[in-house]
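**Q**
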Amino acid sequence: MSREFDLIVFGATGFTGRRAVRYLHDHAPDSLRWAVAGRDRARLEEVADGRPAIVADALLPSGPAEIAARTRVVLNLAGPFRRYGDPLVAACVERGTHYCDISGETARVRDLIDRYHAAAVRAGVKIVPFGGVSSTPADIAALLVSDRLGRQPHHLRATVRMRGGTLNGGTVASMIDAVENGDAAREKDPFLLGPAGRAPSGHEVDPRGLRYDARSKAWLLPSPVGTSDTRAVRRSADILGRRVLVQEHLAFDGWTGLAPALAMAAGIGTVNALLRFRRGRHLLARLVPPGRGPSERQIAQGAFALHMQGTDADGDEVTVRVRGDGDPGNRITVTCGCEIALALVGNCGSLPQDAGVLTPATAIGSGLAGRLGRAGILFD
1 MSREFDLIVF
11 GATGFTGRRA
21 VRYLHDHAPD
31 SLRWAVAGRD
41 RARLEEVADG
51 RPAIVADALL
61 PSGPAEIAAR
71 TRVVLNLAGP
81 FRRYGDPLVA
91 ACVERGTHYC
101 DISGETARVR
111 DLIDRYHAAA
121 VRAGVKIVPF
131 GGVSSTPADI
141 AALLVSDRLG
151 RQPHHLRATV
161 RMRGGTLNGG
171 TVASMIDAVE
181 NGDAAREKDP
191 FLLGPAGRAP
201 SGHEVDPRGL
211 RYDARSKAWL
221 LPSPVGTSDT
231 RAVRRSADIL
241 GRRVLVQEHL
251 AFDGWTGLAP
261 ALAMAAGIGT
271 VNALLRFRRG
281 RHLLARLVPP
291 GRGPSERQIA
301 QGAFALHMQG
311 TDADGDEVTV
321 RVRGDGDPGN
331 RITVTCGCEI
341 ALALVGNCGS
351 LPQDAGVLTP
361 ATAIGSGLAG
371 RLGRAGILFD
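Per full-length UniProt numbering: the sequence shown = residues 1 to 380.
Laid out in C-alpha cells, this is it:
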C-alpha cells in the first residue's frame, strides 16, 4: 500500500490527542511518516511541532475521505467515537486503510461489527477499537493466559487496582453521548459482542455492590472498565471460536481498603446519578469540558494494575499480571493506543485473523505485550 503517510493522528488537538502526539514524537521511529489532523488549523500547528497538519472535519464527507486516502493507518482520538469515529471507519473500509481508536463503547462496537465487519474482511482492513485502558490490558492478558495454559481457560477472573483514574473532557463527552443515544442501556448486556444466544452464568453476570473477598483479601467493586473489558475478551474468544467465562472487579486490598472503596463507590454513584438527568449531564459537561483533564502531576501520580487469573477445565491456574505507572485513563490509554497504531503500521499481527472489526488481541496478538512492555506497561 503506497500512501503519503504511514499514520495520521486524528483528534490531535484534544486532551488525549496532544498527549498522543507528544508520545509519538518521543517514541515513534524516525522513519515513520506521520501527520496530525483535526478541524482547527491554528491549534493543529501548535501541536504539530513541524509535522504535516491536515485540516479535516470528520462530520463532513470530504474530511474522512481525505484522511483515509492519504495514510496506511488512522489513529482516532476524538470522541464521542460514534459521532467522530464512525465516518472515519466507513472511509477507511472503503479505501483499504487500517483504523484504531481508544473507544471502550461496546454498543458502538456492536454496530461497527454489524455494519462494517464483512466489508472490512473483504477489503483486508483491520478496524481496532478498545485501544485504551479499556480494554487493551485485559484483552492481551486473557490471550497470554491461554498461551501459558496451553489451552483455552474455562474461567477468567480479573481484578483491577488503580490510583488516579481522573476523567478528562473527552471521556465525559462520550459518557453523556452514550446515555443520550441509548448506548448505555444496551451496554448492560454481557453478550452484546457475542456469542449470540447465550444466557449469562453466575461467572458472567456483571458484579454489583461492594463486598469483601476472603480469597484475595480485598474489597471488591464493579470495575469502571469491566463492562468494556469483559465484552472485549468475549469478542476475542468469539472471533477465535472459543468460549470463556469472565468477570472483572476493582480491588482495594485489606481491611484498610474499605474507606477508599467506599469513596470510589460514592464517586461512581454520583457520576451515574448525574448522568441520569439532563441537568446533571449539563453540569458534568461544564465541570469537565472537552480539552480539559488532569494535571501533569496528577497523571504522573497515577498507576494501574490488572491481575488476570485463568483456570482451565482440569483446575490448572495461570495468572498474568499487568502494571504501569501513570493515570489509567490518560497515560496508560495513550501508550496503548499509540503502540497499537505503530503495530498496525509495522504489520506485526501474530494471529491468523487478518481483517474485520477486531480487538487488540485478535488484530495484533501477543506481540503487543512486548511492545507495551518496552513502553513501560509490563506483562508478567
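Backbone N, C-alpha and C fix where the C-beta goes; we use that ideal spot for every residue, glycine too.
Taking A251 as the reference, give the member of L32, D49, F130, L262 with the closest Cα.
**A** As a first step, residue 251 is located in the sequence shown; it is residue number 251 there, counting from the start. The residue with the shortest Cα to Cα distance from A251 is L262.
**Q** Please specify which runs of the beta strand (DSSP E), each continuous and at least 3 residues long, are wholly inside the UniProt domain "Saccharopine dehydrogenase NADP binding" (8-128), giving them in chain order.
**A** List check, beta strand (DSSP E) in window: 34-38, 53-55, 71-76, 98-101, 126-128.
**Q** Bridge partners of G324, per DSSP?
**A** Counting from 1 along the sequence shown, the entry for residue 324 is found at position 324. Bridge partners of G324: F304.
**Q** For E296, does the count of other Cβ atoms within 10 angstroms reach 16, so buried, or fall short, so exposed?
**A** Here residue 296 refers to the residue found at position 296 of the sequence shown. Exposed, by the Cβ-count rule.
**Q** For A158, does the three-state DSSP call read helix, strand or coil?
**A** Here residue 158 is taken as the residue at index 158 of the sequence shown, counted from 1. Three-state DSSP puts A158 in a strand.
**Q** Give me the Cα-Cα distance between L351 and P260, rounded to the nearest whole angstrom.
**A** The residue labelled residue 351 in the question sits at position 351 within the sequence shown. The residue labelled residue 260 in the question sits at position 260 within the sequence shown. Caution is warranted here: a pLDDT of 49 is assigned to L351, below 50, making its placement in the model unreliable, and the coordinate value is therefore given only provisionally. Their Cα atoms are separated by approximately 40 Å.
**Q** On the CB-based measure, 16 or more other CB atoms within 10 Å of its CB, does residue 383 come out buried or exposed?
**A** The chain is shown only over 1 to 380; residue 383 falls outside these bounds and no answer can be derived.
**Q** So A265 and L221 are supposed to be a Cβ contact under 8 Å. How far apart are they, rounded?
**A** The residue given as residue 265 occupies position 265 in the sequence shown. The residue given as residue 221 occupies position 221 in the sequence shown. Indeed, because the Cβ distance is near 6 Å, the residues count as touching under 8 Å.
**Q** Less than 7 Å separating the Cβ of D327 from some heavy atom of the ligand NAD?
**A** Questions concerning the ligand NAD fall outside what the structure shown contains, since it holds no ligand whatsoever.
**Q** Distance check for F10 and V21, CA to CA, integer angstroms please.
**A** Position 21 of the sequence shown, counting from 1, holds the residue named residue 21. Position 10 of the sequence shown, counting from 1, holds the residue named residue 10. Looking at the two C-alpha atoms, the distance is approximately 10 Å.
**Q** Check T166 in the structure and name its three-state DSSP category.
**A** Indexing the sequence shown from 1 puts residue 166 at position 166. Reduced to three states, the DSSP call for T166 is coil.
**Q** Quick check: is the beta carbon of G209 nearer than 8 Å to any beta carbon in chain D?
**A** Among the chains in the structure shown there is no chain D, since it carries only a single protein chain.
**Q** With a threshold of 8 Å on Cβ separation, who are the neighbours of R18 within its own chain once the five nearest residues in sequence on each side are excluded?
**A** In the sequence shown, residue 18 corresponds to position 18, counting from 1. Excluding residues within five positions, the ones whose Cβ falls inside 8 Å are A12, V47.
**Q** Which residue comes first and which comes last in the alpha helix (DSSP H) that contains P260?
**A** Along the sequence shown, one-based indexing puts residue 260 at 260. Residues 258-275.
**Q** Return the residue from the list L287, G14, T136, R72 that minimises the CA-CA distance to P328.
**A** By 1-based counting over the sequence shown, the position of residue 328 is 328. Here the closest residue by C-alpha is T136.
**Q** Can you find at least 3 beta carbon pairs, one from the region 296-308 and one from the region 318-332, that sit closer than 8 Å?
**A** Output reads yes: the region 318-332 touches the region 296-308.
**Q** List the endpoints of the continuous beta strand (DSSP E) containing V145.
**A** Walking along the sequence shown from the start, residue 145 turns up at place 145. No beta strand (DSSP E) holds V145; the alpha helix (DSSP H) holding it covers 136-149.
**Q** Quick check on DSSP: helix, strand or coil for E339?
**A** Residue mapping note: residue 339 aligns to position 339 of the sequence shown, counting from 1. Note: E339 maps to helix in three-state DSSP.
**Q** Considering P360, what are the terminal residues of the alpha helix (DSSP H) in which it resides?
**A** The count along the sequence shown starts at 1 and reaches residue 360 at position 360. Note, P360: alpha helix (DSSP H), 360-363.
**Q** Could you have a look at V345 and say whether DSSP puts it in helix, strand or coil?
**A** The residue given as residue 345 occupies position 345 in the sequence shown. Residue state, collapsed to three classes: helix.
**Q** Here's the rule I'm using: 16 or more other beta-carbon atoms within 10 Å means buried, otherwise exposed. How should N168 be labelled?
**A** Here residue 168 corresponds to residue number 168 of the sequence shown, with the count starting at 1. Under this definition N168 is a buried residue.
**Q** Where does the unbroken alpha helix (DSSP H) through R211 begin, and where does it stop?
**A** Position 211 of the sequence shown, counted from the first residue, corresponds to residue 211. Counting along the chain, R211 falls outside any alpha helix (DSSP H), though it belongs to the beta strand (DSSP E) covering 211-213.
**Q** Taking the alpha-carbon positions, what's the H117 to A375 distance?
**A** Here residue 117 corresponds to residue number 117 of the sequence shown, with the count starting at 1. Here residue 375 corresponds to residue number 375 of the sequence shown, with the count starting at 1. Answer to the nearest angstrom: the Cα atoms are 30 Å apart.
**Q** Spatial neighbours of L283 within its chain, please: CB distance less than 8 Å, with the 5 preceding and 5 following residues excluded, ordered by chain position.
**A** The sequence position of residue 283 within the sequence shown is 283, counting from 1. Only L274 meet the Cβ criterion.
**Q** I need the straight-line Cα distance from D177 to G132, nearest angstrom please.
**A** Position 177 of the sequence shown, counted from the start, is the residue given in the question as residue 177. Position 132 of the sequence shown, counted from the start, is the residue given in the question as residue 132. Near 18 Å, if we compare the C-alpha coordinates of G132 and D177.
**Q** Using a Cβ-Cβ cut-off of 6 Å (strictly less than) and excluding sequence neighbours within five positions of V179, which residues of its own chain qualify?
**A** If you number the sequence shown from 1, residue 179 lands on position 179. Closer than 6 Å at Cβ, skipping near neighbours: L275.
**Q** Considering just the uninterrupted stretch of the alpha helix (DSSP H) at A285, what are its terminal residues?
**A** Sequence index remark: in the sequence shown, residue 285 carries index 285 (1-based). Here the alpha helix (DSSP H) through A285 covers 278-287.
**Q** Excluding the five sequence neighbours on either side, which residues of its own chain have a C-beta within less than 7 Å of the C-beta of V89, listed in chain order?
**A** As a position in the sequence shown, residue 89 is number 89, starting the count at 1. Within the same chain, V89 has close Cβ partners Y99, L112, Y116, I127.
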